[in-house]
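So the protein lines, in turn, are chains L and Y. Heads up: the first sequence begins at 8 in the numbering used here, then just goes up one per residue. Heads up: the second sequence begins at 553 in the numbering used here, then just goes up one per residue. We put the CB at the ideal spot given by N, CA and C, even for glycine.
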Amino acid sequence: MMSLPFVLFACALGAAWLRQRGVAMGFWLVGLVTMLVLFRVHVTEVLSIQL
Amino acid sequence: MSADLSRLLNAIGLLAIGTVLALAFVDQIWFRELPCPLCILQRAGFFAAGFGIALNLIFGPKPSHYGVAIVGAMAGGAISMRQILLHIVPGSGSYGDPVFGLHLYTWAFIAAALIVVGCAIMLLDDRQFSRAEPMSVRLKALPLSVLLLFLVLAIANVFSTIALCGGGLCPESPKDYMLFHIAPT
């Protein structure tokens, strides 16, 4: 699951290489959202900062 | 700035990002420092940012491509900042050994900020967007090799992450490769 952003970004690069700009941007966007969802999943600890 | 000069600067920028990602691999393989989940996501952030620069190399410079790079760098930078804040209070520990006095997640935040600043400076020159010029023969080798390096690094990270975390989520502080169960000594 953690490798999913890399898979999607590699697909985006591959699509760009094949000059499919729209497809590449789509892969990038899905990759970015996946990355942020995985970030949210891993943000479990409360920061020990008292302001 | 001509489109050729813009491409050269973009190629250098992508090479710099590729170098950062390659050094992360050196740290993982040579120094046997396994990346934490946030570290892996910071690497993904560099790919998200580098993709915008790669688009500039393939399709020519466009403001939207710089936008892609900035959004990617901001996402990666936010993840780095989260990790910095986790350890900012004295006595709250750290992850990994410092390099030149700073931990890798701090360097990652600095690099993400530099990408944003670099893209902002590049966006100041409108002449690179004025017309689409074909890529000159002189500049073909560098962008192509940098793009290839970037693609290879992306694929290498797919395998590395699968080896480290298997098919699921990564442990918070990985001690070995889950897929092969090879304990680093």
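Between R679 of chain Y and M553 of chain Y, the C-beta gap is smaller than 8 Å, which places the two residues in contact. Counting only residues of its own chain and dropping the five nearest sequence neighbours on each side, G565 of chain Y has a CB closer than 7 Å to the CB of I605, G670. Beta-bridge partners assigned by DSSP to L654 of chain Y: Y:V651. In this structure, the beta-carbon distance from A664 of chain Y to G628 of chain Y falls below 8 Å. In the DSSP annotation of this structure, the continuous segment of the alpha helix (DSSP H) that includes M633 of chain Y starts and ends at 615-638. When only Cα atoms are considered, D649 of chain Y and N608 of chain Y end up about 35 Å apart. The Cβ of I662 of chain Y sits no closer than 8 Å to any Cβ of chain L.
Look at R584 of chain Y: its C-beta is not under 8 Å from any C-beta on chain L. Using beta-carbon distances, T658 of chain Y does not count as an interface residue toward chain L, since no partner is under 8 Å.
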